[in-house]
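Contents: one structure, followed by commentary.
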Amino acid sequence: MFFGSLFGGYWAAEWFESIDRDRLARETIEEMKRGTPGEPEPKYARIEDIPGLPKYTEVEPGKPRPTLEEKPRPAARPAPQAAAAATSSDQAWRRNAVPFRDLNGKPLVAIVIDDVGLDRPRSKRAWELSGPLTLSFLPYAKDLREQARAARGRGHELMLHLPMEPTGRNDPGPGALLVSMSDAEIRQRTAAALDSFEGFAGVNNHMGSRFTAFRPGMETMLRQLKPRGLMFLDSRTTAQSVGDQTAQELGVPGIVRHVFLDDEESVEAVRRKLAEAEAVARRQGFVVAIGHPHEATLQALSEWLPTVQSKGLALAPATAVLRKRNGWD
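Taking this note's numbering, the leading residue of the sequence shown gets 1, the next gets one more, and so forth.
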């Protein structure tokens, strides 16, 4: 009886503690959304400049993250789990995808804009660009559901930008996944973020150079995406990331980032990276390029987007690259 009571008390304590952790993660996200009553509308060019947010960077000055390339796999035979995910129309990544038909006519260029939702004026400028683009919203943005609906209404594909622990002491913001967390905590924080808005096709990591290299944590996170039918875009903020490989092994549809557009925030630098993305797309048949709602990025994209078709390329949503990468109809 004594040991039963002791065990029961310990189990109950753990259960209540897990509920408290889940509540805290959700309340933190809601608090970030509400902000301070009467606070004027912010107008900042960079997420780092917004008051109250942690300062962070994963890029050393003068050392942009390298471009990645891979061989296209149109004839590859997907694993049974991935094949099931690909063929089911009930999958959220298919249901929430921007329609795209001609996968093989031209090389595909998917432009993903991260950190959307916090700097609302520049986020709005991003979704007013010609598309389809793929816009990845942070879960603690204010008016998140309204912003996401507005972006989708402009014909853009949506993703969730899930905060994850970087290398070093930089802080990715509230609700981030950390390597020190238990499986239960990772599941709770992932669920809170996944429930923050609707209509997105998948998830990509916000920061995460440490967490994406931590296989146990990535497995736990990815297992939350699979029953929801979501895809995963590995932003590859570190060469040690196990995100794409783990997603493939678990049967979670996935793609990777090839080019970062704005590690250097100047219009000329972004133009060079866009030209690099074009070259990668021609060599491997598709490219995923990630940028942010910085002033330089928005200006360079506004000039470049109208030229895509004349260059023999096709602007595509991330789900189109997913289909082409895996040879899925």
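By construction, the Cβ of each residue, glycine as well, lies at the ideal position given by its N, Cα and C atoms.
Cα-Cα separation, residue i to residue j
| i | j | result |
| --- | --- | --- |
| D183 | S241 | 19 Å |
| R101 | L108 | 12 Å |
| R21 | K106 | Any answer about R21 is weak, because its pLDDT of 47 lies below 50 and its placement is not dependable; what the coordinates show is given next. Distance between the alpha carbons of R21 and K106 is about 48 Å. |
| P317 | P293 | 17 Å |
| A193 | R228 | 13 Å |
| S130 | Q188 | 36 Å |
| R282 | S136 | 25 Å |
| N104 | K324 | 8 Å |
| N96 | Q147 | 16 Å |
| N170 | P163 | 12 Å |
| Y56 | G168 | Residue placement at Y56 is flagged as unreliable, the pLDDT there being 48, under the threshold of 50; the coordinate-derived value follows with that caveat. Approximately 10 Å between the Cα atoms of the pair. |
| H206 | W304 | 25 Å |
| L313 | E249 | 31 Å |
| T307 | T67 | 22 Å |
| A320 | G285 | 12 Å |
| S123 | V179 | 30 Å |
| T36 | A141 | Unreliable positioning characterises T36 in this predicted model, as indicated by a pLDDT of 46, which lies under 50. A coordinate reading is not provided. |
| S310 | H161 | 31 Å |
| G291 | L322 | 19 Å |
| M181 | G117 | 27 Å |
| V270 | G254 | 26 Å |
| R125 | L222 | 31 Å |
Beta-ladder partner(s) of residue i, from DSSP
| i | result |
| --- | --- |
| I290 | V112 and F260 |
| E157 | T134 |
| L162 | N205 |
| L335 | With the chain running from 1 to 329 in the structure shown, residue 335 is simply not present. |
| L315 | V109 |
| L177 | M164 |
Residue range of the unbroken alpha helix (DSSP H) whose run includes residue i
| i | result |
| --- | --- |
| P121 | R120 to W127 |
| T297 | E295 to W304 |
| A92 | A92 to R95 |
| L274 | V267 to Q284 |
Test item: CB-CB of residue i and residue j under 8 Å
| i | j | result |
| --- | --- | --- |
| D115 | L138 | yes |
| T246 | R215 | yes |
| R257 | L233 | yes |
| V267 | A300 | yes |
| T212 | L261 | no |
| P172 | H156 | no |
| V203 | L230 | yes |
| A110 | W127 | no |
| G208 | P166 | yes |
| V252 | E69 | no |
| M218 | G199 | no |
| P121 | E264 | no |
| M159 | T134 | yes |
| I201 | W328 | Residue identity differs from the one stated: residue 201 is Ala in this sequence, not Ile. It is not a contact, given that the beta carbons lie outside the stated cut-off. |
| V98 | V288 | no |
| T238 | I186 | no |
Beta strand (DSSP E) runs wholly inside the stretch 180–259, at least 3 long, in chain order: The stretch 180–259 contains these whole beta strand (DSSP E) runs: 202–207, 231–234 and 254–256.
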